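Numbering (the numbering used here), first residue to last: 66 to 220.
This report refers to the structure that appears directly beneath it.
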Amino acid sequence: MYDAVSLYRTAQVVTGNPVERVVLLYEGAVRFAVRHVDALERGDFDAAHTASIRCQEIVAELQEVLDLSAGPIAHQLDAVYGFILDRLVAGNLSRTPRPTVEVLDLLRELLAAWQEVSRRTRMSDLALANRPVHGGDPGHAAAAAGLAGARPALA
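Okay, here's the thing in structure tokens:
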């Protein structure tokens with residue numbers, strides 16, 4: 066049987082815009098960091114290791130896709146990702162939650178920032194889709210946006 070949640074997330078990744086994909090990666094990093102801490106607190110070191118590695122892989126992916134030619138913010142994010150990876154490895158090797166808890170707060174802050182970027186991007190896209198074209202005729206705007214059944218208004 067198919068795991069509906071996995072299929073939904075896969076569809077989000079494949080069809081989502083780049084900002085939404087970054088949000089999904091951050092959500093995954095937070096989820097696995099929380100699992101790492103929870104597993105350590107339960108003494109389940111195998112589960113903790115698995116969760117830490119998954120979180121590390123996600124952060125490494127975020128770091129790998131950075132466009133460092135984009136300017137100083139990209140370089141700052143690169144340094145932040147390096148710090149996060151160092152702390153995740155330290156928490157995994159020491160089997161203590163503190164290093165992961167430290168970066169969990171940072172990951173949550175970054176997630177919130179990217180969620181805000183995503184929200185603003187969606188609002189901007191919606192405003193563009195609803196903008197009248199061809200002399201202000203909303204029928205033309207709907208047709209231009211590719212809406213099924215949209216017809217130009219008749220005078």
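All residues carry an ideal CB built from backbone N, CA and C; glycine is no exception.
All values reported here derive from a predicted model rather than from experimental measurement.
### Query
Which of helix, strand or coil does DSSP assign to residue 124?
helix
### Task
Go to residue 156, then tell me how far its alpha helix (DSSP H) extends in each direction, as first and last residue.
137-159
### Task
Consult DSSP for residue 162 and reduce its assignment to one of helix, strand or coil.
coil
### Query
Residues in its own chain within less than 7 Å of residue 91 by CB, not counting five upstream and five downstream?
172, 175, 176 and 179
### Message
Measuring CB atoms only, is the stretch 95-105 touching the stretch 125-132, in the sense that at least three cross pairs come out at less than 8 Å?
### Response
no
### Query
Can you give the beta carbon distance from residue 95 to residue 169, rounded, assuming they're within the 8 Å contact cut?
7 Å
### Query
Hey, out of 183, 130 and 114, whose CA is closest to residue 40's CA?
For residue 40 there is no data in the structure shown, the boundaries of the chain being 66 and 220.
### Task
Would you mind sorting residue 219 into buried or exposed? The rule is 16 or more other CB atoms within 10 Å of its CB.
Bear in mind that a pLDDT of 42 at residue 219, under 50, signals an unreliable position, so the number given afterwards is only what the model happens to contain. So residue 219 counts as exposed.
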